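Going by UniProt numbering, the residue at position 57 of the sequence shown is 57; the numbering climbs one at a time, nothing skipped. First up is the structure itself, then whatever we jot down about it.
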Amino acid sequence: MAETQIGKFYPVKPRPRIPSKKPSSTPESKFWRSFTTHELSNLIFPITSIEFSPNPPHHIAATFSASLTLYNPQSFVPSLRIAKFPDLAYSASFRPDGKLIAAGGESGVVQIFDVNLEKKMENPLRQLRGHRGAVHIVRYSKFDKLHLFSGGDDCVVRYWDVVSGSQVVSFDGHKDYVRCGAASPANSDFFATGSYDHTVKLWDSRVSTGRSVLEIVHGNPVEDVIFLPSGGLVATAGGNSVKIWDVIGGGRLVYALESHNKTVTSICIGKFGNEGVEDQQNRLLSVSLDGYMKAFDYSAFKVTHTMRYPMPLLSIAVSPDCSTRAIGTSNGVIYFGKRKKKEETLDGNAGGLMGFGSIEEPEKRVLRPTYYRYFQRGQNEKASKEDYVIKKAKKLKGAKHNKLLKKFRHREALVAALNTSDPQEIVEVMYELVARRKLLKCVSNLDKDELGLLLRFLEKYSTMPTYSGFLLQLTNKVLQLRAGDVTDSDVLKKHVQNLKRSILEEIHIQQSLQEVQGIISPLLRIVAKR
Numbered sequence: 001m002a003e004t005q006i007g008k009f010y011p012v013k014p015r016p017r018i019p020s021k022k023p024s025s026t027p028e029s030k031f032w033r034s035f036t037t038h039e040l041s042n043l044i045f046p047i048t049s050i051e052f053s054p055n056p057p058h059h060i061a062a063t064f065s066a067s068l069t070l071y072n073p074q075s076f077v078p079s080l081r082i083a084k085f086p087d088l089a090y091s092a093s094f095r096p097d098g099k100l101i102a103a104g105g106e107s108g109v110v111q112i113f114d115v116n117l118e119k120k121m122e123n124p125l126r127q128l129r130g131h132r133g134a135v136h137i138v139r140y141s142k143f144d145k146l147h148l149f150s151g152g153d154d155c156v157v158r159y160w161d162v163v164s165g166s167q168v169v170s171f172d173g174h175k176d177y178v179r180c181g182a183a184s185p186a187n188s189d190f191f192a193t194g195s196y197d198h199t200v201k202l203w204d205s206r207v208s209t210g211r212s213v214l215e216i217v218h219g220n221p222v223e224d225v226i227f228l229p230s231g232g233l234v235a236t237a238g239g240n241s242v243k244i245w246d247v248i249g250g251g252r253l254v255y256a257l258e259s260h261n262k263t264v265t266s267i268c269i270g271k272f273g274n275e276g277v278e279d280q281q282n283r284l285l286s287v288s289l290d291g292y293m294k295a296f297d298y299s300a301f302k303v304t305h306t307m308r309y310p311m312p313l314l315s316i317a318v319s320p321d322c323s324t325r326a327i328g329t330s331n332g333v334i335y336f337g338k339r340k341k342k343e344e345t346l347d348g349n350a351g352g353l354m355g356f357g358s359i360e361e362p363e364k365r366v367l368r369p370t371y372y373r374y375f376q377r378g379q380n381e382k383a384s385k386e387d388y389v390i391k392k393a394k395k396l397k398g399a400k401h402n403k404l405l406k407k408f409r410h411r412e413a414l415v416a417a418l419n420t421s422d423p424q425e426i427v428e429v430m431y432e433l434v435a436r437r438k439l440l441k442c443v444s445n446l447d448k449d450e451l452g453l454l455l456r457f458l459e460k461y462s463t464m465p466t467y468s469g470f471l472l473q474l475t476n477k478v479l480q481l482r483a484g485d486v487t488d489s490d491v492l493k494k495h496v497q498n499l500k501r502s503i504l505e506e507i508h509i510q511q512s513l514q515e516v517q518g519i520i521s522p523l524l525r526i527v528a529k530r
């Protein structure tokens, strides 16, 4: 006899969850995630600075411990190691032509080295002496190959003539350690330095009096300062904030970014976009002791990408072509990132194969409805680009409880659902039985083993916020309907005891949370008024 069915049956499906508030992946996020990470560990000492050579292939200079090391940008293998520092080395800086590199150190001496990888000269070409404390910042000008400036723990900024090895002028405006600096990309005579006295000062090397031409108060000890590409804006990092200042407008604050949770240690400029494309956009990259790297679009004043690293970050640098990225940590680890480039294919323009040019394949004759052969094609014929393909819908395999519900075998459907491990499916089957007004009848007809399955499920999921509203009501009904069976069975008694214990624990947790909320709410109101 055929089974009676009323209307069309729709399989039970889990209810859709609330969509995540996490924003979808953007082209810029895909760009920054396209860097393949290579980890260089076991350097032991913190990576105090990272710098890229301005000339291809853009070798990477890193200072840590008492050495300055140059890395190959392709294999990230050390190409040259200079260990001529009596103590810790700081602030590697390439000359604009990339042929020389200067670095400071704990000893207070600025040393200049030749970076010719063929000669591998480790002895310094010049040693600039004059600082009475550790030199934390050394920078060449963007256009001048003959001068550089330095600053350190003696609170003095010195401007040097590299050829003679003598000091041209000294600037005494800072009142605390000088820890960072940058040369202006618009004028070789201007440069800025940041100090732990919470200020950033702009200097002009032509001013012999040693006074700054502009002073900016950051509000925290300044860890890093850079000029933005236009030369009219300066970005400073200190505390948990990065601030952008208008130098041409007299040091006016343009924007303050406070997206980090701990001290921002280093900032640099990176380019977003394909190499060689004119519409590349500049981004301000920052790293912090909280382990995050953030990309900031300073034209729209918003954070466009965030990356998390497993340890505190101290330094960051990006190659001029934005194909390589290097991040130094406080635990002696460098994270190199290399962008994948599209492989060049052999075609006619590239000279072809063996110098004979490309071999053109003969074009296949396209079948058209005007040809007789068009109507003689078999079922194995592949569709062409012009054809409209109609795919046959795949037959979905239904779950066991859906098949039983379709046959109105409600108790068996509930048991089949309880034997699965998906709580969503089980709750949806219960909802369907409630809609059919059969759930309580099914509970009444369960044997002791099946009742044990139900109580085990209620014991595990009744206190979960997603299901608690429905399952706690069901628990009360089950205990009322099957109280006699629970009393007669020790196994069922144990399930009920465990269920009672979990509910009491959840009540205790909720009470504790309400107490915490009562403590925090007045504080939040006070903060909101401020």
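Ideal Cβ placement from N, Cα and C applies to all residues, glycine included. Being a predicted model, the structure only gives us computed values, none of them experimental.
Item	Value
Close Cβ partners of S462 (< 8 Å) along its chain, the five nearest in sequence each way excluded	S468, L471, L472, T475, L499, S502, I503
Segments of 4+ residues assigned as alpha helix (DSSP H) that fall wholly inside the segment 429-512	439-445, 448-461, 468-481, 483-488
Own chain residues within Cβ distance below 7 Å of V247, not counting five before or after	L202, L214, G232, L233, V234
Same chain only: Cβ atoms within 6 Å of V254, ignoring 5 sequence neighbours per side	I244, D246
Identity of the residues DSSP links to G270 by a beta bridge	R283
Rounded C-alpha distance that separates G210 from H174	11 Å
Whole-angstrom distance between P369 and A383, CA atom to CA atom	14 Å
Beta-carbon gap between V217 and V242 smaller than 9 Å	no
Neighbour-count burial assignment, G351, 16 or more Cβ in a 10 Å radius	Only weak support exists for where G351 lies, its pLDDT of 46 falling under 50; the coordinates are left without a value.
Residue(s) in a DSSP beta bridge with R308	Y292
Alpha carbon of E118 to alpha carbon of H59, nearest angstrom	14 Å
Opening and closing residue of the beta strand (DSSP E) in which P78 lies	78-82
First and last residue of the uninterrupted beta strand (DSSP E) at K382	Premise fails: K382 is in no beta strand (DSSP E) and is neither H nor E.
Whole-angstrom distance between M293 and L285, CA atom to CA atom	7 Å
R525 versus I507: straight-line alpha-carbon distance, rounded	27 Å
Per DSSP, the bridge partner or partners of T36	K338
Residue range of the unbroken beta strand (DSSP E) whose run includes R129	126-129
Range of the contiguous beta strand (DSSP E) that encloses L43	L43 -> no beta strand (DSSP E), and no H or E assigned at all.
Range of the contiguous beta strand (DSSP E) that encloses K201	199-204
Rounded separation between S49 and M311 - CA only	16 Å
Local Cβ density within 10 Å of Q111, reported as buried at 16 or more and exposed below that	buried
Distance CB(S170)-CB(G108) smaller than 9 Å	no
Proximity of N261 and D290 at Cβ, strictly below 9 Å	yes
Of the listed residues D114, A102, S166, N116, nearest to H136 (C-alpha basis)	A102
Own chain residues within Cβ distance below 8 Å of V222, not counting five before or after	R179, C180, G194, S195, Y196, H198, T199, V200, T236, A237, G238
CA-to-CA distance, Q511 to E505, given in whole angstroms	10 Å
A300 (DSSP reduced to helix, strand or coil)	coil
Presumed contact (8 Å Cβ cut-off) between L287 and L313, rounded CB distance	Looking at the sequence shown, residue 287 is not Leu but Val. Between L313 and V287 the Cβ distance is about 4 Å, and since that is below 8 Å, they are a contact.
Burial state of G357, where buried means 16 or more other Cβ atoms lie within 10 Å	Reliability of the predicted coordinates at G357 is poor, the pLDDT of 48 falling under 50, and the value obtained from them is presented with this limitation in mind. Burial call: exposed.
Whole-angstrom distance between F143 and G98, CA atom to CA atom	12 Å
Spatial distance of F31 from F272 (CA atoms)	7 Å
Same chain only: Cβ atoms within 7 Å of D176, ignoring 5 sequence neighbours per side	C155, S195, Y196, D197
Alpha helix (DSSP H) segment containing E215, residue limits	Here E215 belongs to no alpha helix (DSSP H); instead the beta strand (DSSP E) covers 214-217.
For L128, the nearest candidate out of G104, D490, K145 (CA to CA)	G104
Spatial distance of A483 from A413 (CA atoms)	23 Å
First and last residue of the uninterrupted beta strand (DSSP E) at H410	Note, H410: premise wrong, no beta strand (DSSP E); alpha helix (DSSP H) at 410-418.
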